[in-house]
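Asks: Start counting the first sequence at 0; every next residue gets the next number (numbering that gives the first Met the number 0).
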Amino acid sequence: MDFKNKVYSIIERVPKGKVTTYGQVARLAGNSKAARAVGALMKNNPDTKRIPCHRVVSSKGKLTGFSAKGGIEKKKEMLLDEGVNFVGDIVDLSRSQIIK
DNA sequence: CAATTGACGTAGT
DNA sequence: CACTACGCCAATT
């Protein structure tokens, strides 16, 4: 299984109302230092319908990237709509992150 | 094929 | 808390 496929598989499993971090995904995929690559993979996102890339945030809970229309703003809206707990523009990881 | 770029993370100042 | 410096990986040029 390629690294990228692992990453996609992991993100597919992220439940609604919960989020994960690039670093966490990288770690689960096998490379704890590939957080940056995870972001690159999101940009390549082969299937936005299947892969909820908006549920992936930085280790601090900060929303970064998101090339789709609306950018960060839109991403935040979507997460709020799913029930993710926010603190300003930052996600409250202690409550919404899958792996605590 | 080498160099650049960037949706990252950690540690130090 | 902000800013910098370094390391890492994959995609793009």
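The C-beta atom is built at its ideal place from N, Cα and C for all residues, glycine as well. Since the model is a prediction, treat every value here as computed from it, not as a measurement.
Might you give, ordered along the chain, the residues of its own chain that have their beta carbon closer than 7 Å to the beta carbon of residue 27, omitting 5 neighbours on each side?
Replies: Only 9 meet the Cβ criterion.
Asks: Assign residue 97 to one of three DSSP states: helix, strand, or coil.
Replies: Looking at residue 97 - three-state DSSP - the assignment turns out to be coil, as it is neither helix nor strand.
Asks: By DSSP's criteria, residue 105 is part of a beta bridge. Which residues make up the other side?
Replies: For the chain, the structure presents residues 0 to 99; residue 105 sits outside this window and is missing.
Asks: I think residue 73 touches residue 67, with their Cβ atoms under 8 Å apart; what is that distance to the nearest whole Å?
Replies: Going by Cβ atoms, the distance from residue 73 to residue 67 rounds to 7 Å, so yes, they are a contact pair.
Asks: What residue range is occupied by the uninterrupted alpha helix (DSSP H) comprising residue 24?
Replies: Unbroken alpha helix (DSSP H) run through residue 24: 21-28.
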